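A.B. asks:
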Amino acid sequence: MSETVKQPVVRGRLRADTITLAHGSGGKAMRDLIDDLFVAGFDNPELSRLEDQASFDIATLTSAGDRLALTTDSYVVDPLFFPGGDIGKLAVSGTVNDLAVGGARPLYLTCGMVIEEGMAVAQLRQIVASMKATADLAGVSIVTGDTKVVQRGAADKLFINTAGVGVIARGISLDAGSAQPGDCVLINGEIGNHGAAIVDARGEMALDNSIESDCRPLASLIEAMLDACPEIRCMRDATRGGLATVLNEFATASGVGIRIDEAAVPLREDVRGVCEILGLDPLYLANEGKVVAIVPAAAADSVLAAMRAHPDGVDSARIAEVTGGPSGRVTLATRFGGDRVVDMLVGEQLPRIC
Amino acid sequence: MKYVDEFRDPDMARALVERIATLTANLMTNRQLPLQLMEFCGGHTHTIFRYGIEQMLPDEIEMVHGPGCPVCVLPMGRVDDCVDLAERPDVIFTTFGDAMRVPGSRKSLLQAKADGADVRMVYSPLDALELARRNPDRQVIFFALGFETTMPSTALTVLQAKREGVTNFSLFCNHITTVPTIKAILDSPDMMIDGFLAPGHVSMVVGEQPFRFIADVYDKPIVITGFEPLDILQSIHMLLAQMAEGRCAVENQYQRVVQAGGNVAGLDAIHEVFELREFFEWRGLGSIDHSGVRMRDAFADFDAERRFSVPNLKIADPKSCQCGEVLKGVIRPWECKVFGTQCNPETPMGALMVSTEGACAAYYNFGNLDELLHKRERKAAVSS
Chain A
1 MSETVKQPVV RGRLRADTIT LAHGSGGKAM RDLIDDLFVA GFDNPELSRL
51 EDQASFDIAT LTSAGDRLAL TTDSYVVDPL FFPGGDIGKL AVSGTVNDLA
101 VGGARPLYLT CGMVIEEGMA VAQLRQIVAS MKATADLAGV SIVTGDTKVV
151 QRGAADKLFI NTAGVGVIAR GISLDAGSAQ PGDCVLINGE IGNHGAAIVD
201 ARGEMALDNS IESDCRPLAS LIEAMLDACP EIRCMRDATR GGLATVLNEF
251 ATASGVGIRI DEAAVPLRED VRGVCEILGL DPLYLANEGK VVAIVPAAAA
301 DSVLAAMRAH PDGVDSARIA EVTGGPSGRV TLATRFGGDR VVDMLVGEQL
351 PRIC
Chain B
1 MKYVDEFRDP DMARALVERI ATLTANLMTN RQLPLQLMEF CGGHTHTIFR
51 YGIEQMLPDE IEMVHGPGCP VCVLPMGRVD DCVDLAERPD VIFTTFGDAM
101 RVPGSRKSLL QAKADGADVR MVYSPLDALE LARRNPDRQV IFFALGFETT
151 MPSTALTVLQ AKREGVTNFS LFCNHITTVP TIKAILDSPD MMIDGFLAPG
201 HVSMVVGEQP FRFIADVYDK PIVITGFEPL DILQSIHMLL AQMAEGRCAV
251 ENQYQRVVQA GGNVAGLDAI HEVFELREFF EWRGLGSIDH SGVRMRDAFA
301 DFDAERRFSV PNLKIADPKS CQCGEVLKGV IRPWECKVFG TQCNPETPMG
351 ALMVSTEGAC AAYYNFGNLD ELLHKRERKA AVSS
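The listed protein sequences correspond, in order, to chains A and B.
Under the numbering used here, the first residue of the first sequence is numbered 1, with each subsequent residue one higher.
Under the numbering used here, the first residue of the second sequence is numbered 1, with each subsequent residue one higher.
#1: Taking Cβ-Cβ distances below 9 Å as the criterion, which residues of the region 223-235 of chain B are in contact with chain A?
#2: Rounding to the nearest angstrom, what Cα-Cα distance links ARG50 (chain B) and ARG335 (chain A) in this structure?
#3: Closest by CA to ALA386 (chain B), which one among B:GLY207, B:ARG212, B:PHE308?
#4: If you draw a straight line from the alpha carbon of SER2 (chain A) to that of ASN161 (chain A), how long is it in whole angstroms?
#5: Can you say whether ALA387 (chain B) is buried or exposed, counting buried as having 16 or more other CB atoms within 10 angstroms of its CB?
#6: Terminal residues of the continuous alpha helix (DSSP H) containing LYS132 (chain A)?
#7: Please look up how many angstroms separate the CB atoms of VAL92 (chain A) and ALA138 (chain A), rounded, as I've assumed it's under 8 Å.
#8: Near GLU60 (chain B), which residues of its chain fall below 7 Å by C-beta distance, leaving aside the five closest residues on each side in sequence?
#9: Give me the chain B residues within the contact set of THR334 (chain A), using Cβ-Cβ distance strictly less than 9 Å, ordered along the chain.
#10: Please confirm if GLN36 (chain B) has its CB atom under 9 Å from at least one CB of chain A.
#11: Taking 8 Å as the threshold, find out whether the region 108-121 of chain A comes into contact with the region 163-178 of chain A through three or more Cβ pairs.
#12: Count the other C-beta atoms from every protein chain shown that fall within 10 angstroms of the C-beta of GLN259 (chain B), then say buried if there are 16 or more, exposed otherwise.
#13: What did DSSP end up calling TYR364 (chain B) once you bin it into helix, strand or coil?
#14: Comparing C-alpha positions only, which one of A:ALA306, A:CYS215, A:VAL199, A:ASP52 sits nearest to PRO79 (chain A)?
#15: I'd like to know whether the C-beta atoms of ALA64 (chain A) and GLU223 (chain A) end up nearer to each other than 9 Å.
#16: Can you tell me the Cα-Cα spacing of SER74 (chain A) and MET131 (chain A), whole angstroms?
#17: Below 8 Å on the Cβ atoms is my guess for ASN188 (chain A) versus ASP312 (chain A); work out the distance and round it to an integer in Å.
#18: Interface residues of chain A around GLN55 (chain B) at Cβ under 7 Å?
#19: Tell me which same chain residues have a C-beta within less than 6 Å of the C-beta of PHE40 (chain B), skipping the five on either side of it?
#20: Using a beta-carbon distance below 9 Å, is LEU240 (chain B) in contact with chain A?
#21: With respect to the beta strand (DSSP E) encompassing ASN97 (chain A), which residues constitute its N-terminal and C-terminal limits?
#22: When the Cα atoms are used, what is the spatial distance from ILE142 (chain A) to GLY241 (chain A)?
#23: Report, in whole angstroms, the separation of the C-beta atoms of LEU186 (chain A) and LEU21 (chain A), which I expect to be a contact under 8 Å.
#24: Between the Cα of GLY52 (chain B) and the Cα atoms of A:VAL322, A:ARG340, A:VAL150, which residue gives the shortest distance?
#25: In or out: LYS89 (chain A) buried (at least 16 other Cβ within 10 Å) or exposed?
#26: Determine which residues of the region 175-202 of chain A have a Cβ less than 9 Å from any Cβ of chain B, and write them out in chain order.
#27: Using Cβ-Cβ distances below 9 Å, what residues of the region 13-31 of chain B are close to chain A?
#28: Quick check: is the beta carbon of ARG241 (chain A) nearer than 9 Å to any beta carbon in chain B?
#29: Contact criterion: CB-CB distance below 9 Å. Does ASP343 (chain A) meet it with respect to chain B?
#30: How many Å lie between HIS374 (chain B) and LYS2 (chain B) at the Cα?
#31: Give me the chain B residues within the contact set of GLY153 (chain A), using Cβ-Cβ distance strictly less than 7 Å, ordered along the chain.
#32: Name the two residues that bound the continuous alpha helix (DSSP H) containing VAL180 (chain B).
#33: Closest Cβ-Cβ distance between GLY273 (chain A) and chain B: below 9 Å?
#34: To which residues of the same chain is ARG152 (chain A) closer than 7 Å at the C-beta, ignoring the five residues directly before and after it?
#35: 9 Å is my cut-off, CB to CB: does PRO326 (chain A) come that close to chain B?
#36: Spell out the partners DSSP gives SER124 (chain B) in its beta bridges.
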């Protein structure tokens, strides 16, 4: 790495309307892109140093807890902008949530972008602004990043990778394998809104409704839950694969059964409608702002009350109970009075023919 | 949700289940064999599993899940033909979503897509026609699939394309017919089915008349059935009531949708565009006379089989598969030798594991797999 000589900082300005391969070349155009879009957009002192890495004071970190949490996720979504969010909001929320469900307080994020040439600069600006707003909401800083521009067709408009670092406070121990028979399963609201909003936003169905993605950072809600009950057994955010997949993961890891009460699972009427028309099962629809928690029965009411008191958990509900088994089996008590197994999906859910 | 929740009311379900139990008990006083009722349609199979209806029924009622899943019964050779068409450089191949995953002998359409073929999922044949209009330099082929339910929309799309003079749109026609297939099942010597739930959506198109022979010639009661869970329970009750009264007739439970004469305009469009094939190959059931349709000569320009040289391969079903016996109710899905082991939804060997509407896939996904496999072992031990 080269030594930095202190001199007055002159920020580059990005004047182009579209991103070209030049913006990934390492030259002046790339510098302009980084300065004008990312450094100005994410706006924090650590990034503004323009070093190849971010550095943190260890003592500050250790004062907040006794373990570091590290996670990474890549974000691809079509369309980039959808009702209730965009790829930027998604990229920050998703990684923040992956940290938070492990009991960590999220602190820092990285941002790697792979941009397809021809992308409109205005769109990119909007996405960066959305990332910044979401990061502020979640109390994290985007402290280092990377940009690549690839030829048309080599990526679909924009891919974002974010990695995140957080600190887990002493005494918190969340583990997917720790659910016990008798425990309760809680969720912070309606399922499937993100999946249904994306189907809708692709415009293939010409459905008339107002479903918005639930995409949001959950760090603050999860902090409130852990304050109410530090003994919460495990938490996951129910993203791809939906609620059904997360519950299957819990049941398998803990060697327990889980019985869902269909009537108790919050579900919007119009999301149900989309599922009815397309033959999809809302239990498997993606969410981007839903945390599923398994809590000891004795603490269920107090955790639920704490969740409902938080703006991101107003519609929280107790939706399932942990049973003695059979091990790894998730079942659904249907509203209709029957019982069925809710297994992992084999592949993507495909709309049915008739 | 209006017009949905009314048909899923748990209290009404309980009341119906009680009445079914009473009728079943009466019917069982002078018989040993279980009452076998076949739901022909994959949509019914889906509802039965999704709402856990089988566990609500008395043990003496065995639901036999029929061949009415058009995706399941598609022979492997036809999937290979699809892949062959889709892999041509000037072709946009359009299909309903659930046909994407059906395995051919080489690959599925999903794999062909990953390998670079232009395969697109559509929700209606009209979407495929629109693609043809927007891509005049490409050949757009629609994978026409399904029973009489989906035939009218395909036929009307072809008529529309002809009216507009669209020259780059064609069908790969794999439409199949319900009645010859039910007849083939009824003619099978090991068949023991006592009554049928007739497919509601097919009936909406063809009406009641085509099903009369089941009651008149084969002396089996048959009830045209809707797709909500209460529809199914009510239809089962209607079937049992016919048996209890010693009657055999076509009855229509799905009156809110099905008219006795069917959909006349839809039938006209079907007859204008399609004619019966001499025979059609079914996965699991083999060749059945007059069980498929092809396009009439007047529409040869819209027939992908005539416009492109389709290899038309015949691939035999794997020997270990017992789909045919499952379809006829001779064995239960979990009694098949390869169920849940070599044959599973990830690597389906047989027709019935292919789509979520196939009986075996439904048992695998919604049933209790370990228990079923255990049951199979016990049964094998008893019979050996």
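We put the CB at the ideal spot given by N, CA and C, even for glycine.
None of the values given here were measured: they were computed from a predicted structure.
C.D. replies: This is what the structure gives:
#1: Answer in chain order: PRO229, LEU230.
#2: Answer to the nearest angstrom: the Cα atoms are 11 Å apart.
#3: Within the shown structure, residues of chain B are numbered from 1 to 384, placing residue 386 (chain B) beyond reach of any answer.
#4: Confidence in SER2 (chain A) is poor, its pLDDT being 47 and thus under 50, which makes the residue's placement too unreliable to answer from.
#5: Chain B is shown from 1 up to 384; residue 387 (chain B) falls before or after that span and cannot be answered.
#6: That run of the alpha helix (DSSP H) goes 121-138.
#7: Between ALA138 (chain A) and VAL92 (chain A) the Cβ distance is about 7 Å, and since that is below 8 Å, they are a contact.
#8: Within the same chain, and ignoring the five residues on either side of GLU60 (chain B) in sequence, the residues whose Cβ sits closer than 7 Å to its Cβ are THR24, MET28, PRO34, LEU35.
#9: The contacting residues are ARG8, PRO10, ARG50, TYR51, GLY52, PRO229.
#10: With 9 Å as the cut-off, GLN36 (chain B) does not count as an interface residue toward chain A.
#11: Counting C-beta pairs with one atom in each stretch, the region 108-121 of chain A and the region 163-178 of chain A have three or more that are closer than 8 Å, which means they touch.
#12: Under a 10 Å Cβ-count criterion, GLN259 (chain B) is classified as exposed, with fewer than 16 other Cβ atoms of the shown protein chains found around its own Cβ.
#13: Here TYR364 (chain B) sits in helix by DSSP.
#14: For PRO79 (chain A), the closest alpha carbon among the candidates A:ALA306, A:CYS215, A:VAL199, A:ASP52 is that of A:VAL199.
#15: Cβ atoms of ALA64 (chain A) and GLU223 (chain A): not closer than 9 Å.
#16: Straight across, the Cα-Cα distance linking SER74 (chain A) with MET131 (chain A) is about 14 Å.
#17: Going by Cβ atoms, the distance from ASN188 (chain A) to ASP312 (chain A) rounds to 6 Å, so yes, they are a contact pair.
#18: Chain-ordered, the chain A residues with CB closer than 7 Å to the CB of GLN55 (chain B) read GLY338, ASP339.
#19: Only GLY66, GLY68, PRO199 meet the Cβ criterion.
#20: When Cβ-Cβ separations below 9 Å define contact, LEU240 (chain B) makes no contact with chain A.
#21: Membership of ASN97 (chain A) in any beta strand (DSSP E) is not indicated; the residue belongs instead to the alpha helix (DSSP H) covering 87-100.
#22: Cα to Cα, ILE142 (chain A) sits roughly 28 Å from GLY241 (chain A).
#23: With 8 Å as the limit, LEU186 (chain A) and LEU21 (chain A) do not qualify as a contact, their Cβ atoms being about 49 Å apart.
#24: The alpha carbon of GLY52 (chain B) has as its nearest neighbour, out of A:VAL322, A:ARG340, A:VAL150, the alpha carbon of A:ARG340.
#25: Answer is buried; the Cβ neighbour count reaches 16.
#26: Per Cβ criterion, the list is empty.
#27: Residues ALA13, ARG14, VAL17.
#28: Before going further, note that residue 241 (chain A) is Gly rather than Arg in the sequence given. Not one chain B Cβ lies under 9 Å of GLY241 (chain A).
#29: Cβ-Cβ to chain B under 9 Å: yes for ASP343 (chain A).
#30: Note on geometry: alpha-carbon atoms of HIS374 (chain B) and LYS2 (chain B) lie some 42 Å from one another.
#31: In chain B, no part has a C-beta under 7 Å from the C-beta of GLY153 (chain A); the shortest such distance is about 12 Å.
#32: In the sequence on display, residue 180 (chain B) carries Pro and not Val. It spans 179-187 - the alpha helix (DSSP H) in which PRO180 (chain B) sits, taken as one unbroken run.
#33: It does; some Cβ of chain B falls within 9 Å.
#34: Cβ within range, chain order: GLU116, GLU117, GLY118.
#35: So, interface residue.
#36: DSSP output for SER124 (chain B) lists no bridge partner at all.
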